[in-house]
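Structure below.
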């Protein structure tokens, strides 16, 4: 066991900062965003719109910009690093975009064929732009095009940063199987009559047995006959079927239990990065030599193909061939197609994925802590604590109303499955308690910083573009507006800000010449508890000890594989002692920790709602549901930039809110336009009407992530226009479109590699509240 992760004091406060932090970064240099910029074209378009230039001059400038963009797209599509990144993400797209190296369409074609060929080529160039803006501008932690590194916050370090980049971009690579691929392999083993009897079986985690009946959420208890009861008593998730059902009578009973959805067969793999090791342990423990060899043979085949993938790093053609080889082996071994969720940018589609560690040693020193102390210690952290307490109180009240409606006359409580189902609209519905908390938080924030609300908006606008404030001046008022004595629940002690550091170079940052930008405030949410980060840490056990000390034992839902935006790659892994709330069939149940909701009851004890269960369990209901409503605290901070226009708000040296503009798909004026000229003219008019800078991040309401847009570049414009039209066609013209100033910009990207190229980066920290929530029973 390693040493417990240490904390350092936030200067002048009682708050503690985890010494361990994560630096996320891009894998392509920041200045790559400029390859599709065309300032001369923008000038010509603006002159034409103002009546100072001719349409012919603009048309010629646009033709030159499009020709330059075509050359840039060809060069990028031919770049081995880009091809490798795209091959990992979408091999089909990599092959398609490689065709940009072919000669321009021309001779021998009819007019219709030529138009079609040119349209396809433009579409491929726009696709290059979409991928390129992500690789250069987004701190996505995946593959070598989003490497991660653990860093330390060291207050004894005098400079703001000490950075020692290595010779390469990445220090280490790990290629792992996707969870769904491991599940498919287990399914193939279950189809093997030699292996299947030696795999275990267990009761689904959301079920329980009581008095000869199976308790099931939302259903009447199901009676068990004598053979089924005997078999089910042996289904512990460890013993193989050969021991559970050694004769035809018990095997028939087991088959009935499987068919009825009561028992699973296979391997109970955790839904996180440990799944592969658990599978290997189970297969190695099979006592029958023939079955064990057969069970491991297919995995050995896949491993050899995966090793070939790993050896192909750095060579896009070899990588594509190796991935095809792994796909072929996977289908041969499992009988399953090697892809899923085709067309989704943020999804695990392939058999395997790659994670990397950046070739960098780095520490952040006292000047960074000093810059955080005032804005966070005086304003943001008290506000974050208030949000957590307000959320807990709001859901306490909503839970009490729900309990009163659900409790039957004369009943001692409400069965948890019934309460669980009834709670879901409070978490995801249109009138959530969290929305009222977020609105009140925005009102108090505006009061604090002096922004008067405009009609219909929760956030006001001074009419200016910059608002500079001193945290010391706001300290007393913030303490009044956000007064609360402690956080709302156990995990609410931890707040995780994402920080961008603006500096012109490492040397400038070392000298203290920097500005901080709050990218996102993960309020009451320990975001470092994620497999994608934790598995890269040199001593994960120290993080587990720190989480146990700071947070304690939580109630964590046991998520099924179909749960939206939740994957094994990002699963939390630090809470080894957390209760697992099982509400549906899901992998990874630990018999020592699992709590089926059918075994729990919601009761009222002296005016406080509690969850009671086996072994005398009794805990406040807010703690049971805290992880389901707690993540909504981050949404409260996202509301700070609401309104048609919101100025940049800076506290001391920290930009808390970037300048933001809002309109709708219809309001952009771009949706009805098609073709390079109409799109570009519409984009220039949009920029002028809203007062946008040339470079922004744009978030269309139908999309998961924002995209980079440079309004001078016609290819950036056409890519954004296509997104706007898709939103209109799928969801109408009222879809919200949000523009946010680009801060930091490429000129502020200080993180350098060994060759001096500069990259965007993001520092993710965890800050601990000195106070704990009220003592839980």
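Residue numbers (the UniProt record's numbering): 1 to 777. Glycine included, each C-beta is placed from N, C-alpha and C at the ideal position.
(1) If contact is defined by three or more beta carbon pairs under 8 Å, each pair taking one atom from either stretch, is the region 168-181 in contact with the region 265-281?
(2) Using a Cβ-Cβ cutoff of less than 7 Å, which residues in the same chain neighbour residue 213 once the five nearest sequence positions on both sides are dropped?
(3) If you drop the 5 nearest sequence neighbours on each side, which residues of the same chain put their C-beta closer than 7 Å to that of residue 12?
(4) For the pair the region 529-546 and the region 396-403, tell me if three or more CB-CB distances fall below 8 Å.
(5) Taking 8 Å as the cut-off, does the region 329-342 touch the region 127-146 (at least 3 CB pairs, one atom from each stretch)?
(6) Taking the DSSP output, what are the residues bridged to residue 579?
(7) Give me the Cα-Cα distance between residue 583 and residue 526, rounded to the nearest whole angstrom.
(8) Tell me whether residue 429 is buried or exposed, calling it buried when 16 or more other Cβ atoms sit within 10 Å of its Cβ.
(9) By a C-beta neighbour count over all protein chains shown, 10 Å radius and 16 as the cutoff for buried, is residue 27 buried or exposed?
(10) If you follow the alpha helix (DSSP H) that residue 449 is in, where does it begin and where does it stop?
(11) Helix, strand or coil, according to DSSP, for residue 708 in the structure here?
(12) Given residue 149, which residues of its chain have a CB within under 7 Å of its CB, disregarding the five upstream and five downstream residues?
(13) Taking a contact to mean a Cβ-Cβ separation below 8 Å, would you say residue 809 touches residue 551 in this structure?
(14) Note down, one range per segment and in chain order, each beta strand (DSSP E) of at least 3 residues found wholly within the region 468-530.
(15) Which same chain residues end up closer than 7 Å to residue 36 when comparing Cβ atoms and leaving out the 5 residues on each side of it in sequence?
(16) Are the region 115-127 and the region 93-103 touching by the rule of at least three beta carbon pairs closer than 8 Å?
(17) When you compare only the Cα positions, how much space is there between residue 154 and residue 599?
(18) For residue 54, count neighbouring C-beta atoms within 10 Å of its own C-beta (all shown protein chains included) and say buried if the count is 16 or more, exposed if not.
(19) Going by CA-CA distance only, name the one from 506, 437, 231 that's closest to residue 754.
(20) Just list the residues that DSSP pairs residue 759 with in beta bridges.
(21) Exposed or buried, what is residue 673 when buried is set at 16 or more other beta-carbons lying within 10 Å of its beta-carbon?
(22) Does the distance between the C-beta of residue 447 and the nearest non-hydrogen atom of the ligand GDP fall short of 7 Å?
(23) Whole angstroms are fine: how far does the CA of residue 171 sit from the CA of residue 641?
(24) Alpha carbon to alpha carbon, how far is residue 602 from residue 410? Give it in angstroms, no decimals.
(25) On the three-state DSSP scale, how would you describe residue 352?
(26) Is DSSP giving residue 144 helix, strand or coil here?
(27) Report yes or no: do the region 467-484 and the region 375-394 share at least 3 C-beta pairs separated by less than 8 Å?
(28) Between the C-alpha atoms of residue 750 and residue 139, what's the straight-line distance to the nearest angstrom?
(29) In whole angstroms, what is the alpha-carbon distance linking residue 585 and residue 233?
(30) According to the neighbour-count rule (16 or more other Cβ atoms, all chains shown, within 10 Å of its Cβ), is residue 459 buried or exposed?
(31) From what residue to what residue does the beta strand (DSSP E) around residue 635 run?
(32) Considering only DSSP beta bridges, list what residue 741 is partnered with.
(33) Alpha helix (DSSP H) containing residue 400: first to last residue?
(34) Pick out whichever of 558, 494, 198, 423 has its Cα sitting closest to the Cα of residue 207.
(35) Buried or exposed, going by whether 16 or more other CB atoms sit within 10 Å of the CB of residue 730?
(36) Go ahead and pull the three-state DSSP assignment for residue 610.
Quick answer:
(1) yes
(2) Mapped onto the chain shown, residue 213 falls at position 213. 221, 222, 223, 224.
(3) Position 12 of the chain shown, counted from the start, is the residue given in the question as residue 12. The answer, listed in chain order, is 373, 377.
(4) no
(5) no
(6) Within the chain shown, numbered from 1, the residue matching residue 579 stands at position 579. According to DSSP, which records beta bridges pairwise, residue 579 is partnered with 555.
(7) If you number the chain shown from 1, residue 583 lands on position 583. If you number the chain shown from 1, residue 526 lands on position 526. Roughly 23 Å between the two C-alpha positions.
(8) Mapped onto the chain shown, residue 429 falls at position 429. Residue 429 is exposed by the Cβ-count criterion.
(9) As a first step, residue 27 is located in the chain shown; it is residue number 27 there, counting from the start. Buried.
(10) As a working mapping, residue 449 is identified with position 449 in the chain shown. Taken as a continuous stretch (DSSP letters only), the alpha helix (DSSP H) holding residue 449 covers 433-449.
(11) Reading the chain shown from its first residue, position 708 is the one you call residue 708. In the structure shown, residue 708 sits in a strand (DSSP, three-state: E or B).
(12) Working through the chain shown from its first residue, we reach residue 149 at position 149. Only 23, 357, 358, 360, 362 meet the Cβ criterion.
(13) The displayed coordinates of the chain run from 1 to 777. Any statement about residue 809 would go beyond what the structure contains.
(14) 494-502, 515-522
(15) Indexing the chain shown from 1 puts residue 36 at position 36. Contacts found: 69, 72, 129, 710, 713, 715, 716.
(16) yes
(17) In the chain shown, residue 154 corresponds to position 154, counting from 1. In the chain shown, residue 599 corresponds to position 599, counting from 1. Cα to Cα, residue 154 sits roughly 47 Å from residue 599.
(18) Taking the chain shown and counting its residues from 1, the one referred to as residue 54 is at position 54. Answer is exposed; the Cβ neighbour count stays below 16.
(19) In the chain shown, counting from the first residue as 1, residue 754 sits at position 754. Checked all of 506, 437, 231; the closest Cα to residue 754 is 506.
(20) Residue numbering aside, residue 759 sits at position 759 when the chain shown is read from its first letter. Beta-bridge pairing links residue 759 to 751.
(21) One-based indexing of the chain shown puts residue 673 at position 673. The residue in question, residue 673, is buried, as its Cβ has 16 or more Cβ neighbours within 10 Å.
(22) Of the ligands one can find in the structure shown there are none, so the ligand GDP has no counterpart to examine.
(23) Reading the chain shown from its first residue, position 641 is the one you call residue 641. Reading the chain shown from its first residue, position 171 is the one you call residue 171. So the alpha carbons of these two residues sit roughly 38 Å apart.
(24) Working through the chain shown from its first residue, we reach residue 410 at position 410. Working through the chain shown from its first residue, we reach residue 602 at position 602. One C-alpha to the other measures close to 14 Å.
(25) Your numbering for residue 352 matches position 352 in the chain shown. Residue 352: strand per DSSP, three-state reduction.
(26) Residue 144 sits at position 144 when you count from the first residue of the chain shown. Coil.
(27) yes
(28) Within the chain shown, numbered from 1, the residue matching residue 750 stands at position 750. Within the chain shown, numbered from 1, the residue matching residue 139 stands at position 139. Going by the C-alpha atoms only, they are around 14 Å apart.
(29) In the chain shown, counting from the first residue as 1, residue 585 sits at position 585. In the chain shown, counting from the first residue as 1, residue 233 sits at position 233. Cα-Cα distance, rounded: 19 Å.
(30) The residue labelled residue 459 in the question sits at position 459 within the chain shown. Note that residue 459 scores 40 on pLDDT, short of 50, meaning its location in the model is unreliable and no value can be drawn from it.
(31) Residue numbering aside, residue 635 sits at position 635 when the chain shown is read from its first letter. Segment 633-638 is the alpha helix (DSSP H) holding residue 635; no beta strand (DSSP E) there.
(32) In the chain shown, counting from the first residue as 1, residue 741 sits at position 741. Beta-bridge pairing links residue 741 to 696.
(33) What you label residue 400 is simply residue 400 of the chain shown in a count that begins at 1. Per DSSP, residue 400 belongs to the alpha helix (DSSP H) from 381-406.
(34) Position 207 of the chain shown, counted from the first residue, corresponds to residue 207. For residue 207, the nearest C-alpha among the options comes from 558.
(35) Within the chain shown, the letter at position 730 stands for residue 730. Exposed: under 16 other Cβ atoms inside 10 Å.
(36) One-based indexing of the chain shown puts residue 610 at position 610. Looking at residue 610 - three-state DSSP - the assignment turns out to be strand.
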